[in-house]
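Here the structure comes first, spelled out in structure tokens, and everything after it is commentary.
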Amino acid sequence: MAQLRERLRIRAPAPERVIKALAAQSGEIVVPHGASAANGLGLTQQVPTREVYLTSGRSRKLKLGRSEVLVKHAPRWMLALGTGPAGSAVRALAWMGPTQVSRSLVSLRRWLTS
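This is the structure in structure tokens:
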């Protein structure tokens, strides 16, 4: 009986799918936060504890089951290059700050040219 109950439990949709649908429906630009970008590019070993995205629209919180996704308004320059590698690099560098830029640029140059 417990297995049946587990199979019938409704699960929240994946945050990436919800964000993609939100962007398509609203026409907003929505991209991962700089912390996620830095982690994805291998510039930091820190794993973000919350799902955070940047948007050209208004800031808001989305409840997906037990988790919460934060969608924060961001300036145009952080969104200009979209979800591609160059856009991720810009957001990662902005998140890491000026003291880490020179170290990060060496890693980024190798990653972006490969």
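Numbering (the working numbering), first residue to last: 36 to 149.
Backbone N, C-alpha and C fix where the C-beta goes; we use that ideal spot for every residue, glycine too.
Values in this document were obtained by computation on a predicted structure and should not be read as measured data.
Rounded to a whole number of angstroms, what is the C-alpha to C-alpha distance between residue i and residue j?
{"i": "Arg-145", "j": "Leu-97", "result": "36 Å"}
{"i": "Arg-85", "j": "Ser-102", "result": "8 Å"}
{"i": "Glu-51", "j": "Leu-57", "result": "10 Å"}
{"i": "Leu-87", "j": "Leu-143", "result": "One point to set straight first is that residue 87 is Val, not Leu, in the sequence displayed. About 22 Å."}
{"i": "Gln-135", "j": "Ile-45", "result": "43 Å"}
{"i": "Asn-74", "j": "Pro-120", "result": "13 Å"}
{"i": "Pro-83", "j": "Arg-126", "result": "14 Å"}
{"i": "Val-156", "j": "Val-141", "result": "The structure shown does not extend to residue 156, since the chain is modelled only from 36 through 149, so no value can be given for it."}
{"i": "Ala-47", "j": "Leu-147", "result": "34 Å"}
{"i": "Val-104", "j": "Gln-80", "result": "21 Å"}
{"i": "Leu-78", "j": "Ala-59", "result": "30 Å"}
{"i": "Ala-23", "j": "Ser-61", "result": "The question about residue 23 has no answer here: the residues shown for the chain are numbered 36 through 149."}
{"i": "Arg-111", "j": "Pro-133", "result": "20 Å"}
Could you check where the alpha helix (DSSP H) with residue i kicks off and where it finishes?
{"i": "Ala-48", "result": "Looking at the sequence provided, one finds Pro at residue 48 rather than Ala. Careful: Pro-48 lies outside any alpha helix (DSSP H) and carries neither H nor E."}
So residue i and residue j are in contact, right, with Cβ under 8 Å, and what is the actual spacing, rounded?
{"i": "Ala-109", "j": "Leu-89", "result": "4 Å"}
{"i": "Met-131", "j": "Ser-137", "result": "About 11 Å separates the two Cβ atoms, so there is no contact after all."}
{"i": "Glu-63", "j": "Ser-94", "result": "Not quite, the Cβ-Cβ distance comes to about 11 Å (not below 8 Å), so this is no contact."}
Does the ligand NAP have a heavy atom nearer than 7 Å to the CB of residue i?
{"i": "Lys-96", "result": "Only the bare structure without any ligand can be found here, which leaves the ligand NAP out of the picture."}
Compare the C-alpha of residue i against each of the options and name the closest.
{"i": "Ala-70", "options": "Leu-147, Ser-142, Ala-124", "result": "Ala-124"}
{"i": "Leu-76", "options": "Pro-133, Thr-134, Thr-118", "result": "Thr-118"}
{"i": "Gly-122", "options": "Pro-133, Pro-67, Pro-83", "result": "Pro-67"}
{"i": "Leu-116", "options": "Val-65, Val-53, Ser-61", "result": "Val-65"}
{"i": "Lys-55", "options": "Ala-72, Val-106, Val-82, Gln-80", "result": "Val-106"}
{"i": "Ala-49", "options": "Leu-147, Leu-99, Ala-59, Thr-79", "result": "Leu-99"}
> Which runs of the beta strand (DSSP E), 3 residues or longer, sit entirely within the segment 70-141?
Replying inline: 86-90, 95-99, 102-108
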